[in-house]
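Worksheet: one structure, shown below.
In our numbering, the protein residues as written are 26 to 280.
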């Protein structure tokens, strides 16, 4: 990965990295020579297996557990990651999930609050901790994983998930404008239907509708997203890119 040599020695926090897109991104950044802290929530076995694999290949990797559905967890996680790595250069807010598929009028307020906390507030919490470090360094990269649901509303019964992801895209644009003076870039990666564990509860007929609506005619894989993360992390490749949402959806939604 010669094009990404500048990532060697960079300190990267990736949330939601025990499987799927986050795990694929963690592996790619380690292969580029970055020091990575991967966050996990419940999948300790997956996180430990990934750390062992990446460490065996010579990478410097840390794993930290946090339930980002709890208020303040994004703050404590990011603080712990910065202590572990001795700083931070790149923050990838990848953790997120719909958690439930329920009509709006049937949502329990506590569940709705948890969905918004996980998918929106935890993102802001993590960024708020990283910003002073980025400002002091006069550089920093934030990449937020959102969802095609922010554009098309998602599948049935995910109003709070879709709206939270839309809010993160708006937050991204606002922060990109505010923090540009400090050399900080903020962007989104917006996956479409990606075949990862997050879709284990997605009804098969809904998955088929996703595939039928995708011009490339297949589900995306986690590795299909990795190149966009690496691109956005590299100053050499994307120094003039900020406030953008890059869709990775096989053509399901086109601008």
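Don't be surprised by glycine CBs; every beta carbon is placed ideally from N, CA and C.
**DSSP beta-bridge partners of residue 90** = 65
**Request:** Return the first residue and the last residue of the alpha helix (DSSP H) that residue 126 is part of.
**Result:** Looking at the DSSP string, residue 126 is not in any alpha helix (DSSP H), and its letter there is neither H nor E.
**Item:** residue 76 beta carbon less than 8 Å from that of residue 88
**Value:** yes
**Asked** Helix or strand or just coil, what does DSSP make of residue 53?
**Response** helix
**Message:** So the candidates are 269, 106, 276 and 80; which of them puts its Cα closest to the Cα of residue 242?
**Reply:** 276
**Prompt:** Among 121, 128 and 197, which one has its Cα closest to the Cα of residue 142?
**Reply:** 121
**Request:** Determine the closest residue to residue 255 out of 265, 109 and 53, with distance taken between C-alpha atoms.
**Result:** 53
**Item:** Span of the beta strand (DSSP E) around residue 116
**Value:** 115 to 118
**Beta-carbon gap between residue 173 and residue 278 smaller than 8 Å** = yes
**Prompt:** For residue 271, which beta-bridge partners are listed by DSSP?
**Reply:** 214
**Asked** Cα-Cα, which of 93, 95 and 43 is closest to residue 70?
**Response** 43
**Item:** Check whether residue 211 and residue 200 have beta carbons under 8 Å apart
**Value:** yes
**For residue 189, the nearest candidate out of 140, 167, 151 and 107 (CA to CA)** = 140
**Item:** residue 152 burial status per 10 Å Cβ neighbour count (16 or more: buried)
**Value:** buried
**Request:** With DSSP collapsed to three states, give me the class of residue 183.
**Result:** coil
**Minimum C-alpha distance to residue 56 - residue among 165, 252 and 239** = 252
**Prompt:** Cα separation between residue 96 and residue 150?
**Reply:** 9 Å
**Request:** Kindly give me the distance between the Cβ atoms of residue 40 and residue 47, rounded to whole angstroms, as I take these residues to be in contact under 8 Å.
**Result:** 7 Å
**Asked** Can you name the residues that DSSP bridges to residue 60?
**Response** 36
**Request:** Report, in whole angstroms, the separation of the C-beta atoms of residue 245 and residue 217, which I expect to be a contact under 8 Å.
**Result:** 6 Å
**Item:** Distance between residue 79 and residue 49 (C-alpha atoms, nearest Å)
**Value:** 11 Å
**Request:** To the nearest angstrom, report how far apart residue 51 and residue 61 are at their CA atoms.
**Result:** 7 Å
**Message:** Which same chain residues end up closer than 7 Å to residue 223 when comparing Cβ atoms and leaving out the 5 residues on each side of it in sequence?
**Reply:** 45 and 122
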